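Asks:
Residue numbers (the working numbering): 10 to 192.
1) In whole angstroms, what separates the C-alpha of residue 71 from that of residue 129?
2) Just checking my contact of residue 132 with residue 159 at CB under 8 Å: how many whole Å lie between their CB atoms?
3) Would you please state the rounded distance, in angstroms, between the beta carbons of residue 99 and residue 122? I believe it to be under 8 Å.
4) Per DSSP, which one or two residues make a beta bridge with residue 137?
5) To the nearest angstrom, report how far apart residue 182 and residue 113 are at their CA atoms.
6) What does the alpha-carbon distance come out to for the pair residue 53 and residue 40?
7) Go ahead and pull the three-state DSSP assignment for residue 69.
8) Am I right that residue 115 and residue 105 are in contact with their C-beta atoms under 8 Å? What's the rounded C-beta distance?
9) Where does residue 39 fall in DSSP's three states?
10) Near residue 47, what residues of its chain come up, given a Cβ to Cβ distance below 8 Å and the 5 sequence neighbours on each side ignored?
11) On the criterion of 16 or more Cβ atoms from any shown chain inside 10 Å, does residue 58 qualify as buried, or is it exposed?
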């Protein structure tokens, strides 16, 4: 196939752009996928829980964050499905396990509204969650901005949460769990 001098610049621009865009489209986001276990010694206290396992599944624009929290014989599991192709994902929030001893409760009539995006060429997933909690003082709007950042080695995940109800961030450090050690 011969390329004329008129079409060569357009063809080169297209090939050049394709070469830059292809690595950005998902090679890095898969490093977040997998099973992660909470490292209590390097994290903010997990009160009222002792253990926290996080499983991240990524399929194209769909991300699933499945949490398993535990304390002695009490376990709680929830799953948050996010669709990056949509401007907002609406997720049911029947319970708010993050601070169950505070007297703030989620309810079925107030689902979570979630916005998410990839940052740093897919190394960081930023999730912004808005929800209304029921408190003794009445309904309270809460925003949680969470960054899920995988280490360069891919063995550590740091989740930093900024809550509109707190002055200080919450930092959860997780270590990747090998497939053989998963429950």
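Even for Gly, the Cβ is constructed at its ideal location relative to N, Cα and C. Remember, it's a predicted structure, so these values are computed and weren't measured experimentally.
Replies: Looking at the atomic coordinates:
1) Position 62 of the chain shown, counting from 1, holds the residue named residue 71. Position 120 of the chain shown, counting from 1, holds the residue named residue 129. Here the alpha carbons of residue 129 and residue 71 stand approximately 18 Å from one another.
2) Position 123 of the chain shown, counting from 1, holds the residue named residue 132. Position 150 of the chain shown, counting from 1, holds the residue named residue 159. Correct: roughly 6 Å between the Cβ atoms.
3) As a position in the chain shown, residue 99 is number 90, starting the count at 1. As a position in the chain shown, residue 122 is number 113, starting the count at 1. The Cβ separation is near 6 Å, so the contact holds.
4) Counting from 1 along the chain shown, the entry for residue 137 is found at position 128. According to DSSP, residue 137 bridges with 124 and 154.
5) The count along the chain shown starts at 1 and reaches residue 182 at position 173. The count along the chain shown starts at 1 and reaches residue 113 at position 104. About 25 Å.
6) On the chain shown, residue 53 is found 44 positions in, with the first residue counted as 1. On the chain shown, residue 40 is found 31 positions in, with the first residue counted as 1. About 23 Å.
7) Translated into the one-based positions of the chain shown, residue 69 becomes position 60. Coil, per DSSP.
8) Here residue 115 corresponds to residue number 106 of the chain shown, with the count starting at 1. Here residue 105 corresponds to residue number 96 of the chain shown, with the count starting at 1. Between residue 115 and residue 105 the beta-carbon gap is near 4 Å, inside 8 Å, which marks them as a contact.
9) Along the chain shown, read from residue 1 onward, the residue named residue 39 stands at position 30. Residue 39: helix per DSSP, three-state reduction.
10) Working through the chain shown from its first residue, we reach residue 47 at position 38. Sequence-distant Cβ neighbours of residue 47 in its own chain, meaning closer than 8 Å and more than five residues away, are 55, 60, 61, 62, 63, 181, 182 and 183.
11) Counted from its first residue, the chain shown places residue 58 at position 49. Classification of residue 58: buried, given that the 10 Å Cβ count is 16 or more.
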